[in-house]
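Note sheet for the following structure.
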Amino acid sequence: MAKLNSIKPSGKKEEGFFEQVYEVVRQIPRGRVSSYGAIAAVLGTKLSARMVGWAMNGSHMVRPKVPAHRVVNRNGMLTGKHHFSPPEKMEELLKKEGIRVIDDQVQDFKKKFWNPQEEWS
DNA sequence: ACGCTGACTATTA
DNA sequence: CTAATAGCCAGCG
């Protein structure tokens with residue numbers, strides 16, 4: 000385990016890349032899912048979707064809560080489900096939203112895919 | 001200031 | 001078809 004902290008909100012306002020990601024993810028409507036690459040593209044870092052996922056790391060403590068469970072990888076796989084608490088909560092939430100999740104994979108992901116660029120001018 | 005890590009993505013073997 | 005590697009950007013020690 001490398002660093003357990005990674006992101007630490009030490010009272011300082013983390014204004015920047017993170018808040019941007021949170022905003023976009025919060026725009027995701029219920030019953031829809033998005034991908035890191037798509038969000039990254041809106042932020043301008045489409046070449047590095049890693050930053051998006053990393054930002055999500057802080058989404059857990061960010062207020063208001065960020066629907067990170069609606070964000071999956073390009074394959075529709077719940078790669079970040081292990082970062083939830085508990086991880087099974089992610090697919091459970093998605094299922095409740097009407098999204099079919101089988102084997103950590105979003106069914107009809109392409110159909111449920113929500114493009115942030117559409118809502119994000 | 002330099003280096004490392006990271007919930008990804010695309011390309012090459 | 002599956003597996004492995006490279007590229008990417010931003011924050012923290």
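Residue numbers (numbering that gives the first Met the number 0): 0 to 120.
Heads up, the beta-carbon is just placed ideally off N, CA and C, and yes, glycines get one too.
Keep in mind the model is a prediction, meaning the values are calculated, not measured.
According to DSSP, residues forming a beta bridge with F112: V32
Would DSSP call M76 helix, strand or coil? strand
Where does M41 sit, in a helix, a strand or coil, going by DSSP? One point to set straight first is that residue 41 is Val, not Met, in the sequence displayed. Correct three-state label for V41: helix.
For V70, which of helix, strand or coil comes out of DSSP? strand
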